[in-house]
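Colleague: Here you go, one structure.
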Amino acid sequence: MITLLTRDLKLAFRSGSTTILGIAFFLIVLLLVPLSLEPSRPMLIKLAPGVLWIALILSCLLSLDRIFHLDLQDGTLEILTISPLPLEGLVLVKSLAHWITTCLPLIMLVPLMGLLYNVPNDTIIWMIISLLSGTPALSVIGSFAASITLGVNRGGLLLSLLVLPLYIPTLIFGTEVIRRSLDGSSNVTPLVFLLAISASSIALLPIATGSAIKINLN
Amino acid sequence: MSLWKYTNPNKFMKLSSKILPSLSILSFLLVFTGLTWGFFFTPDDFRQGSTVKIIYLHVPAAMIAINTWFVMLVGSLIWIVRRHHISSLIAKSAAPVGLTMTIVTLATGSIWGKPMWGAFWAWDPRLTSFFILFLFYLGYMALWRSIRDQQKVADLAALLCIVGSVFALLSRYAVNFWNQGLHQGASLSLDKEENIANVFYWPLLVTISGFLLFFITVLLIRTRTEIRLRQISNIIITNKLN
């Protein structure tokens, strides 16, 4: 499994575009919001939790259809499914690779976003905690939707239509964590729910994703 | 269980063709009676005037919209476990009905909302949940239409419905949480509980039963069409192979 992970990461880094594309897209969305809405300080602080999560979700969407697609095209996916590696493990490794190449760089950009949006320092820490807790769910749920739309030509749009409603609970709890830290109220409840969503997605969704891959390969 | 014998398409077609005429007439009568009674023969509410009567469309449509998703879930589960083709076709046929009912709920709700609260839309938990349900139906229907292989798409759609149900339930609680914290009830109290005075209640019951029978009628018609389509495509394939 480690070999698979390193292979995926090497492929992603060599093609190069995934991470940089995600970062660039994230920054562009962060730019568009003050341009189109108000750039005043109090407004930006209020918008910051939502904008962070929306920009993150949209950047995730960009690289989701590539999780399985390249391997499907050159036949590697079929070989991997009949290998002794359990299919759920394969799915988890691919989600982890997606997380490392797409979500982790964006999490490292959060302090920059805090600078741009005048977010107070301890809220920046909560933003990072919220993202660390919620983005694993995004990768795993995204891999499920990617496995369902595996065989569809130009399935990117269908993928977005399927995955965005599934992202809604993660989005709500993720932004609540940040917003409550801005208010000063306790944000333990949404954080616990967010961690629960991530944990249960990691534990349960790979079974469904594996079934979808098997269905698509037959 | 003798009910399982109706998963045989021929038996299903026979039974449904027998009950459809009377079922459709009965559902039409019930809906017509309920709506006429409710719209024309009940007094105006002293607070809300006559606009409250839109609940005779709004409430049954909302109930059917939610229950259709359950029908799809049960159909998907039966398909995955017992592999009766009819279950997957029932799930496929139910989706557009549910979508329409969701649209009717949202539209009648907006029409009711404008004179009532002064706005066509408000982001309160119930409306937001219905909007999310609308998107779930759209995604499910889009998946059925995007893949040509019928066996594959039946399996994938069933998976989507099952996983989607979990997330739909989760979204409902998340939206409640987003709006008002976990345990408070909805503050918009213009729901049917408030208006259940007896004089309003009976037409509402009639309309709800009428809508339910209407749902079953349309579901049966659509499923019969899907079965016929599947049989025709099988004939075409067999002829091409020979």
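Protein sequence lines correspond, in order, to chains A and B. The opening residue of the first sequence carries number 0 in numbering that gives the first Met the number 0; numbering runs sequentially from there. The opening residue of the second sequence carries number 0 in numbering that gives the first Met the number 0; numbering runs sequentially from there. All C-beta atoms, glycine included, are put in the ideal place defined by N, C-alpha and C.
What number of angstroms, rounded off, separates the C-alpha of Met107(A) from the C-alpha of Ser129(A)?
Modeller: Those two C-alpha atoms are separated by around 13 Å.
Colleague: Helix, strand or coil, according to DSSP, for Thr100(A) in the structure here?
Modeller: It is helical.
Colleague: Can you give the Cα-Cα distance for Ala262(B) and Ser109(B), rounded to whole angstroms?
Modeller: Outside the shown range of chain B (0 to 241) lies residue 262(B), about which nothing can therefore be said.
Colleague: Should Ile214(A) be flagged as near chain B, meaning a C-beta pair shorter than 7 Å?
Modeller: yes
Colleague: Mind pulling the chain A residues with CB within less than 7 Å of Ser145(B)?
Modeller: Val151 and Leu157
Colleague: Counting only runs of 3+ residues fully inside the segment 48 to 99 of chain A, write out the beta strand (DSSP E) ranges in chain order.
Modeller: none
Colleague: Taking Leu31(A) as the reference, which of Leu105(A), Ala47(A), Thr134(A) and Glu87(A) has the closest Cα?
Modeller: Ala47(A)
Colleague: Kindly indicate which three-state DSSP category Trp78(B) falls into: helix, strand or coil?
Modeller: helix
Colleague: At the level of alpha carbons, what is the spacing between Pro85(A) and Ala156(B)?
Modeller: 23 Å
Colleague: Val28(A) lies in the alpha helix (DSSP H); which residues open and close that run?
Modeller: Ser16 to Ser35
Colleague: When we look at the beta-carbon of Glu175(A) and count the other beta-carbons within 10 Å, is it buried (16 or more) or exposed?
Modeller: buried
Colleague: Which residue wins for smallest C-alpha separation from Met140(B), given the options Ser138(A), Pro41(A) and Leu160(A)?
Modeller: Leu160(A)
Colleague: For Glu193(B), count the other beta carbons within 10 Å of its own beta carbon; 16 or more makes it buried, fewer makes it exposed. Which is it?
Modeller: Because the pLDDT of Glu193(B) is 48, which lies under 50, any placement of that residue in the model is unreliable, and the question is left without a value.
Colleague: Would a check of beta-carbon distances place Ile77(B) closer than 7 Å to chain A?
Modeller: no
Colleague: Going by C-alpha to C-alpha distance, which of His84(B), Trp3(B), Ile65(B) and Val80(B) sits closest to Leu126(B)?
Modeller: Ile65(B)
Colleague: DSSP state of Arg6(A), grouped into three classes?
Modeller: helix
Colleague: Say whether chain A places a C-beta atom closer than 7 Å to the C-beta of Ile236(B).
Modeller: no
Colleague: Would you please state the rounded distance, in angstroms, between the beta carbons of Gly21(A) and Leu156(A)? I believe it to be under 8 Å.
Modeller: Beta-carbon to beta-carbon, Gly21(A) and Leu156(A) are separated by about 19 Å, too far to satisfy the 8 Å threshold.
Colleague: Could you tell me the distance, in whole angstroms, from the CA atom of Ile206(A) to the CA atom of Leu26(A)?
Modeller: 34 Å
Colleague: Check the C-beta distance from Leu132(B) over to Trp68(B) and give it rounded, since I have them as a contact under 8 Å.
Modeller: 7 Å
Colleague: Could you check what DSSP says for Asn194(B) in three-state terms: helix, strand or coil?
Modeller: Its pLDDT being 48, under 50, Asn194(B) is placed unreliably in this model, and the value from its coordinates should be taken loosely. Helix.
Colleague: Just tell me which of Val50(A), Ile214(A) and Lys9(A) has its CA closest to the CA of His97(A).
Modeller: Closest option to His97(A), Cα to Cα, is Lys9(A).
Colleague: Rounded C-beta distance between Thr222(B) and Ile89(B)? I'm assuming under 8 Å.
Modeller: 5 Å
Colleague: Could you name the residues of chain A that Asp123(B) contacts, counting a contact when the two beta carbons are closer than 9 Å?
Modeller: Per Cβ cutoff of 9 Å: no residues; Asp123(B) is ~14 Å from chain A at best.
Colleague: From Ile171(A) to Leu165(A), what distance separates their C-alpha atoms?
Modeller: For Ile171(A) and Leu165(A), the distance between alpha carbons rounds to 11 Å.
Colleague: Out of curiosity, what's the CA-to-CA distance linking Leu4(A) and Ile77(B)?
Modeller: 36 Å
Colleague: Could you give the DSSP three-state label for Thr104(B): helix, strand or coil?
Modeller: Secondary structure of Thr104(B) (DSSP, three-state): helix.
Colleague: What did DSSP end up calling Asp43(B) once you bin it into helix, strand or coil?
Modeller: coil
Colleague: Measure the beta-carbon distance from Gln149(B) to Arg229(B) and round it to whole angstroms, keeping in mind my assumption that it falls under 8 Å.
Modeller: 7 Å
Colleague: Measuring CA to CA, which of Arg65(A), Val28(A) and Gly183(A) is closest to Val151(A)?
Modeller: Arg65(A)
Colleague: Mind reading off the beta-carbon distance from Phe130(B) to Leu105(B)? Whole number of angstroms is fine, and I expect it under 8 Å.
Modeller: 7 Å
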